[in-house]
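Q: Heads up: the sequence shown runs through residues 142 to 686, numbered per the working numbering. From the three backbone atoms N, C-alpha and C, an ideal C-beta is built for every residue, glycine too.
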Amino acid sequence: MKKRVSVLLIFALFLSLLTGCSGGKLDFSWFTSKFTGKTADQTQAEQETAAAEEAAAPETTAVVTEVFNDISAFGLAYQKSYGVHPYNCESLNNRCILSFLYEPLFVVGSETFEVSPVLAESYDVSGDGLTTTVHLRPEARFSDGSPVTAQDAAYSLLSSRGTVYYGSRLRHVLSITADDETTLTLTTDTAYECLPLLLDIPIIKDGSVDEASPLGSGPYVMESDTRLVRNANWWQTAAPIVDFDEISLTLVEKTSEVRDNFEYENVNLVLTDPNSAAFAGFHNDYELWDAKSPIMQYVGYNINSKVFSNYGLRSAITYAIDREHIATDIMGGFAQAAVLPASPDAPFYDVKLANTYSYSLTKFQQQLESASVEDMDHDGTLDLYVSSLGYAVPVSGTMIVCSSSYQRVEAATEVVNALNALGFKLTLKTMELSEYRQALQSGNFDLYYGEIRLSNNFDLSPFFSVYGSMCYGGLDDSVMLNLCNQALANNGNSYNLYKRLCERGYITPVLFKHLAVYTTRGSIAHPTDYIDWFLTPPERADTVS
C-alpha cells in the first residue's frame, strides 16, 4: 500500500504523488470535479496565476518540512449490524477495526503481492510441493496471554472454509493439522510453491468461532461497542501503527454518516472503494493511500455461442480495448490497466507478453483477417462464416453486466461502443445481481462484463474446472486447468498459461481495481504491510458481480 495523494492544503503535492504512483500522466478532471468542486481549467488557471506570482516574488530559501497534526485521539467507524467476526463481516469499515484485533500467519503486500510472516516465523515446502509446513512464532500471544499455537491456527483455517468472507480460498487444501505447539502442516491436491499467499486469514483462539468477537492476537481488544483498548499482552515489540491507549468507535450505518464523522475527525481512517455506488466524497483535509488489490474486471464469453465459439474472433477483442482510458477516465485512476489476468505489480506479470496483446487497432484488423472475419455483405457489420451452419452470420450478440455498479456499467458500455465502432453489432443489457448470476449460470449471454476478486496467487482454475465457480458458458478446458496447476507449482511459470489464454480469448482482462484508505492528516505517518491484510474485500471465488 502506498500513499496516493495529499489534498486541499497541498493540492500540487497531490498531483505529483498521484502521477508518480500510477506510473504515468493522468487526466485529473475526474478528481477536480469530484473532490474540489472546480473544473480542470479553473484549477490550471489558479496554478498558472500562483506560478506567475511566485516568479515575481523576491528570491527566498525554502525549508520543506513534513507537517503532522498533533491529534490527541484516534477513532474508527463501526457498523454494528455487520458485527466484527473476521470470517463473516463484509463491512469495509469494520474490517478496519478487525485489523487492530487480529493477525494472520502471513501478510501479502499490496505493492508486490509477495508474502511476509506475521504470526508465522517461517515455512517449508516438500520436494513434490504437496506439503507445506508452517513454523509459528513461540512468543506470539492472544489477548488473554495464552500462546498462539499450531492447533489454534489449524482450527482457524478450517473454520474459515466456506464462510461468507473467505469462500473456497482453500479449495486445494486436503488437510490441516498441528504436529506440535508451533508446527502446522497443510497438504494439497496439487503442488504449491507458495501456499502462504493464501494464509493471510485472521487467527482466532481454538473453539471460539461461534463467538460474536472471537479472541485474537492484535494490538487492541474490543471492550465495548464504543471503544477498543490496548492489548496488555500484545506480543510484538514494535509499536502499532496507531499508538493510543484506546481507539474510539463511532456507531454509523450510512456512508454519509461515515463521511460526516471523518470530516469532523471523530473517525480518522476509512477504507473504501472510490468506484462503488456507495462512495461518498470527502471535503476536509486528509491523506489518501492507494491500495492495490487482486480485484479483476474482465470480459467473459459464452464458448457455446455460434459467434463467440470462434477463438480467432475472441482473441481479436484484446486489441480493441483501450484499457488505459478505462482505468484513468472511468475509474478515476483507481485501477491499473491489465492485459494479463494478474496485477501488473505481481512478480510473474510478463510485461513483454502483455505488450504483445495490448491495445492495437492494427493487430485487431490483422487478427480478424486471420480468422476470416469481414463485412461479407457490405452492410457495415462484420460477418463470420460458421461451418456448422454452412453460412455466414453477423458478429452480433448481447453483453450482460450487473447494474449494481455504475462504474462497471460505464466500462462495459465503453467496451461495447469500441467494438461496435469496429464493425461488431453488440447490445448491452444491464441486470440486477440475482438476474445477472442466473443468466451466467444458465448460459443466457454472448459476452459478459465481470468483476472478481482473485486469490493472492491469481489462481485461474475456477474458470477452467468443469465444477469451477467461475466456469460460465462452457469454459471448462483440461489443457488450461493443467497450466493453472503448473502455475501454482511454480509462481514464475505463468507464461504458457497467459499466452494460451490470450491466443484463444478465453477471457479478456481489462484492469485491476484499487481501494482507498483515507486518513486524517498526520494520524498515520507510514502505513506498512502490517495493515495490508485487511485491505482485501470478501473472497469472490463463488460469485461474480
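With respect to the alpha helix (DSSP H) encompassing GLN548, which residues constitute its N-terminal and C-terminal limits?
A: Within the sequence shown, numbered from 1, the residue matching residue 548 stands at position 407. Start and end: 547–562.
Q: With a cut-off of 8 angstroms on the beta carbons, I'd call ILE345 and PRO360 a contact; round off their distance for me.
A: Start at 1 with the first residue of the sequence shown, and residue 345 comes out as number 204. Start at 1 with the first residue of the sequence shown, and residue 360 comes out as number 219. Wrong, their Cβ atoms sit about 16 angstroms apart, outside the cutoff.
Q: One question on the structure: do HIS655 and SER434 come within less than 8 angstroms of each other, judged by their Cβ atoms?
A: By one-based count along the sequence shown, residue 655 stands at place 514. By one-based count along the sequence shown, residue 434 stands at place 293. Yes, the pair counts as a contact, with Cβ atoms nearer than the cut-off.
Q: Could you check the C-alpha separation between SER450 and PHE605 for me, to the nearest Å?
A: As a working note, residue 450 is residue 309 in the sequence shown. As a working note, residue 605 is residue 464 in the sequence shown. Looking at the two C-alpha atoms, the distance is approximately 15 angstroms.
Q: Excluding the 5 residues preceding and the 5 following LEU530 in the sequence, name in chain order all residues of the same chain whose CB lies nearer than 6 angstroms to its CB.
A: What you label residue 530 is simply residue 389 of the sequence shown in a count that begins at 1. Same-chain partners within the cutoff: there are none.
Q: Looking at ALA461 and ALA559, is the spacing between their C-beta atoms short of 8 angstroms?
A: As a position in the sequence shown, residue 559 is number 418, starting the count at 1. As a position in the sequence shown, residue 461 is number 320, starting the count at 1. In contact: ALA559 and ALA461 (Cβ atoms closer than 8 angstroms).
Q: Any idea what DSSP makes of GLU387, helix, strand or coil?
A: One-based indexing of the sequence shown puts residue 387 at position 246. GLU387: strand per DSSP, three-state reduction.
Q: Please classify HIS424 as buried or exposed, where buried requires at least 16 other C-beta atoms within 10 Å of its C-beta.
A: Within the sequence shown, residue 424 is the residue found at index 283, counting from 1. Per the 10 Å Cβ criterion, exposed.
Q: Assuming GLN477 and GLU592 form a contact by the criterion Cβ under 8 angstroms, report the distance between their Cβ atoms to the nearest whole angstrom.
A: Taking the first residue of the sequence shown as position 1, residue 477 is located at position 336. Taking the first residue of the sequence shown as position 1, residue 592 is located at position 451. Contact doesn't hold; Cβ gap of about 14 angstroms is too wide.
Q: Can you tell me which of PRO650, ARG278, VAL534 and GLN548 puts its alpha carbon nearest to the alpha carbon of GLY474?
A: Position 333 of the sequence shown, counted from the start, is the residue given in the question as residue 474. Among PRO650, ARG278, VAL534 and GLN548, the Cα nearest to that of GLY474 belongs to GLN548.
Q: When the Cα atoms are used, what is the spatial distance from SER389 to LEU271?
A: As a working mapping, residue 389 is identified with position 248 in the sequence shown. As a working mapping, residue 271 is identified with position 130 in the sequence shown. Approximately 45 angstroms between the Cα atoms of the pair.
Q: Contact defined as beta carbons within less than 8 angstroms: I believe VAL362 pairs with LEU242. What is the distance between those atoms, to the nearest angstrom?
A: Position 221 of the sequence shown, counted from the start, is the residue given in the question as residue 362. Position 101 of the sequence shown, counted from the start, is the residue given in the question as residue 242. So it is a contact: roughly 7 angstroms between Cβ atoms.
Q: With DSSP as the reference, label PHE403 as helix, strand or coil.
A: Taking the first residue of the sequence shown as 1, we reach residue 403 at position 262. If DSSP states are grouped into helix, strand and coil, PHE403 belongs with the helices.
Q: In chain order, what are the residue ranges of uninterrupted beta strand (DSSP E) at least 3 long that sit wholly in the segment 412–445?
A: Whole beta strand (DSSP E) segments, 3+ residues: 427–442.
Q: Between LEU638 and LEU624, is the Cβ-Cβ spacing less than 8 angstroms?
A: Numbered from 1 along the sequence shown, position 497 holds the residue referred to as residue 638. Numbered from 1 along the sequence shown, position 483 holds the residue referred to as residue 624. Yes, Cβ-Cβ distance for LEU638 and LEU624 is below 8 angstroms.
Q: Determine the closest residue to ARG310 out of VAL266, TYR427 and PRO603, with distance taken between C-alpha atoms.
A: Here residue 310 refers to the residue found at position 169 when the sequence shown is read from its first residue. That would be PRO603, whose Cα lies nearest to the Cα of ARG310.
Q: Just verifying my parser: in three-state terms, what is the DSSP assignment at THR318?
A: By 1-based counting over the sequence shown, the position of residue 318 is 177. Three-state result, THR318: strand.
Q: Per DSSP, what kind of secondary structure is LEU260 in: helix, strand or coil?
A: As a first step, residue 260 is located in the sequence shown; it is residue number 119 there, counting from the start. DSSP places LEU260 in coil when its eight states are reduced to three.
Q: Name, in chain order, the residues that DSSP records as bridge partners for ASP265.
A: By 1-based counting over the sequence shown, the position of residue 265 is 124. The partner list for ASP265 (beta bridge, DSSP) reads THR274.
Q: Identify the continuous beta strand (DSSP E) that holds PHE247 and give its terminal residues.
A: For the purposes of this step, residue 247 is taken as the residue at position 106 of the sequence shown. From DSSP, the beta strand (DSSP E) with PHE247 extends over 247–249.
Q: Taking DSSP as the reference, what is the three-state secondary structure of LEU595?
A: Counting from 1 along the sequence shown, the entry for residue 595 is found at position 454. Looking at LEU595 - three-state DSSP - the assignment turns out to be coil, as it is neither helix nor strand.
Q: Could you check the C-alpha separation between TRP171 and GLU406 for me, to the nearest Å?
A: Taking the sequence shown and counting its residues from 1, one reaches residue 171 at position 30. Taking the sequence shown and counting its residues from 1, one reaches residue 406 at position 265. Residue placement at TRP171 is poorly supported in this model, since its pLDDT is 37, which falls under 50; the coordinates still yield a value, given next. About 25 angstroms.
Q: Excluding the 5 residues flanking ALA84 on each side, which residues of the same chain have their C-beta closer than 6 angstroms to its C-beta?
A: The structure shown has nothing for residue 84, since the chain only spans 142 to 686.
Q: Let's test the definition: count the other Cβ atoms within 10 Å of the Cβ of GLU428 and tell me whether it reaches 16, buried, or not, exposed.
A: On the sequence shown, residue 428 is found 287 positions in, with the first residue counted as 1. Result: buried.
Q: Identify the residues that DSSP records as bridge partners of ALA657: which are they?
A: In the sequence shown, the residue the question calls residue 657 occupies position 516. According to DSSP, which records beta bridges pairwise, ALA657 is partnered with THR413 and ASP431.
Q: What is the DSSP secondary structure of GLY663, counted as helix, strand or coil?
A: Taking the sequence shown and counting its residues from 1, one reaches residue 663 at position 522. Looking at GLY663 - three-state DSSP - the assignment turns out to be coil, as it is neither helix nor strand.
Q: Can you tell me whether PRO415 is buried or exposed, with buried defined as 16 or more other CB within 10 angstroms of its CB?
A: As a working note, residue 415 is residue 274 in the sequence shown. It is buried - the Cβ of PRO415 has at least 16 other Cβ atoms within 10 Å.
Q: CB-CB under 7 angstroms to LEU339, same chain, minus the five flanking residues each way: which ones, in chain order?
A: By 1-based counting over the sequence shown, the position of residue 339 is 198. Only ARG310, LEU311, SER596, ASN597 and ASN598 meet the Cβ criterion.
Q: Starting from CYS543, trace the beta strand (DSSP E) in both directions and tell me its first and last residue.
A: The residue you call residue 543 lines up with position 402 of the sequence shown. That run of the beta strand (DSSP E) goes 537–543.
Q: Quick check on this structure: which residue in ARG236, LYS640 and VAL440 has the alpha carbon closest to the alpha carbon of VAL542?
A: For this step, residue 542 is matched to residue 401 along the sequence shown. If we check each option's Cα against that of VAL542, VAL440 comes out closest.
Q: Here's a check: name, in chain order, each residue in its chain whose Cβ is nearer than 6 angstroms to the Cβ of SER537, leaving out the five neighbours to either side.
A: Walking along the sequence shown from the start, residue 537 turns up at place 396. So the qualifying residues of the chain are LYS566.
Q: If you reduce the DSSP assignment to three classes, tell me which class LYS96 lands in.
A: Here the chain comprises residues numbered 142 to 686, so residue 96 is not present and cannot be evaluated.
Q: Give the secondary structure of ILE382 by DSSP, where H, G and I count as helix, E and B as strand, and everything else as coil.
A: Here the question's residue 382 lines up with position 241 in the sequence shown. It is coil, neither helix nor strand.
Q: Helix, strand or coil for LEU356 per DSSP?
A: The residue you call residue 356 lines up with position 215 of the sequence shown. Coil.
Q: If we count the other Cβ atoms within 10 Å of its Cβ and call it buried at 16 or more, is GLU573 buried or exposed?
A: For the purposes of this step, residue 573 is taken as the residue at position 432 of the sequence shown. Exposed: under 16 other Cβ atoms inside 10 Å.
Q: Mark THR503 as exposed unless 16 or more other C-beta atoms lie within 10 angstroms of its C-beta, in which case mark it buried.
A: By 1-based counting over the sequence shown, the position of residue 503 is 362. By the 10 Å Cβ count, THR503 comes out exposed.
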